[in-house]
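What follows is a single structure, written as structure tokens, with notes after it.
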Amino acid sequence: MVFEKVAAVYSADGRRSLKPTGEPDEHYECDDVLVAVGQENAFPWIERDIGLDFDQWDMPKVDPVTFQSSNPKVFFGGDAAFGPKNIIWAVAHGHDAAISIDKFVHGQSVEDRPPPMVTLVSQKMGIHEWAYDNDLSNDVRYKVPLVDKDVALKDVRTEVELGFDRKLGYAEAQRCLNCDVQTVFSAPLCIECDACVDICPMDCITFTENGEEEALRARLNAPAHNTTQDLYVSETLKTGRIMAKDEDVCLHCGLCAERCPTGAWDMQRFTLDITHADHRCQQR
Ligand code: SF4
Ligand code: SF4
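Here the sequence shown is numbered in our numbering, starting from 28 and rising by one per residue.
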């Protein structure tokens, strides 16, 4: 196998290309060569007289927000839009292009877009829904078992990932931090009985006078030293105090909500509802 020596050269806008260094080619003896096919975008088949503009890489010029090309009826996404990325980007491009296409065929401006990924829905949960197993596993992520290499290399159509079996799937699920379930505080419902302060295993709830953040952090039941994590400070309660909660150490165990006699603490689940083409958030 003969390799030509190249070096990475970066253009002013940071794009990398490989240029021959002029050094002698290198020859490696091999018994077998497995060819890993890198895929390139190439659009020689697109006629150059249909109103599509191409850049210096011979890639179509595409708006990074609307995914519309210079021919308004043609949209691009995935590798064809901005070069190789991964499939997650391609799916996201597909969603955004679908919104543009939907607006375009309805005669609306593709520039006027619903905000992406911002519809948060809180769902009040019953006690048995949030009484989940919060004994989190500290295991590192489990690797998906793969088929034996000898089998995989014999047939390119072999499915390489075997997936988790029941036992491994359970172990992986135990790593879930349950971060979709949050403690939500309602100041008007609180009678300041301190029951939640007593039960909290992390001492992360404090009822105190409000004040400057540095002093407030220092006089919490468990002082909050991690200043990169915001404190939650409630509105003023009936006695003039506030409730401050250090989210940095909260386990989301739900004991405060279980203990609270008035429902001032509540465990709520949030659902992220992303924007889709012809989604209800577009129907304004
Ligand atoms: S969820 Fe648990 S750790 Fe968090 S504030 Fe409530 S009692 Fe404390
Ligand atoms: S248990 Fe409920 S009512 Fe009592 S102090 Fe805590 S939040 Fe307020």
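Note that CB positions come from ideal geometry on N, CA and C, so glycine has one too. These numbers come from a predicted model, not from an experiment.
Report the residue from the options whose alpha carbon sits nearest the alpha carbon of residue i.
i	options	result
Cys-217	Ala-284, Ile-73 and Thr-93	Ala-284
Arg-168	Asp-177, Val-62, Gln-201 and Glu-188	Gln-201
Glu-199	Leu-163, Asn-98, Ile-232 and Pro-228	Leu-163
Ile-301	His-122, Asn-237, Val-187 and Pro-215	His-122
Ala-249	Arg-268, Asn-237 and Cys-227	Cys-227
Val-174	Pro-141, Lys-46, Leu-189 and Glu-219	Leu-189
Ser-261	Asp-177, Asp-129 and Asn-237	Asn-237
Thr-289	Tyr-197, Pro-215 and Lys-176	Pro-215
Considering only their Cβ atoms, is the gap separating residue j from residue i smaller than 8 Å?
i	j	result
Lys-265	Cys-231	no
Ser-127	Val-137	yes
Thr-210	His-279	yes
Phe-94	His-120	yes
Val-62	Lys-46	no
Val-101	Leu-79	yes
Asp-58	Val-29	no
Met-270	Phe-212	yes
Quick check: what's the CA-CA separation for residue i versus residue j?
i	j	result
Asn-165	Gln-135	50 Å
Glu-239	Gly-267	16 Å
His-303	Ala-125	8 Å
Val-89	Gly-104	9 Å
Pro-71	Trp-84	12 Å
Glu-186	Ala-179	8 Å
Cys-277	Tyr-259	11 Å
Arg-246	Val-208	28 Å
Asn-113	Thr-263	48 Å
Cys-287	Ala-222	6 Å
Pro-172	Asp-182	18 Å
Arg-311	Pro-142	In this prediction, Arg-311 scores a pLDDT of 48, lower than 50, which makes its location untrustworthy; the coordinate-derived value is nonetheless stated afterwards. Their Cα atoms are separated by approximately 13 Å.
Val-92	Arg-140	9 Å
Phe-297	Ser-38	44 Å
Ile-73	Ser-97	13 Å
Cys-220	Asp-106	59 Å
Asn-205	Trp-292	17 Å
Leu-195	Cys-203	14 Å
Ser-44	Pro-87	18 Å
Leu-282	Trp-116	40 Å
Phe-81	Asp-129	25 Å
Glu-56	Gly-49	22 Å
Asp-76	Phe-131	22 Å
Phe-191	Leu-299	26 Å
Glu-31	Lys-176	30 Å
Met-229	Arg-244	15 Å
Ala-108	Arg-193	40 Å
Glu-241	Thr-254	9 Å
Ala-35	Thr-233	57 Å
Lys-170	His-54	36 Å
Pro-99	Arg-184	39 Å
Since residue i contacts residue j with CB under 8 Å, what's their CB separation in whole angstroms?
i	j	result
Gly-41	Asn-68	Going by Cβ atoms, the distance from Gly-41 to Asn-68 rounds to 18 Å, so no, they are not a contact pair.
Gln-256	Asp-275	4 Å
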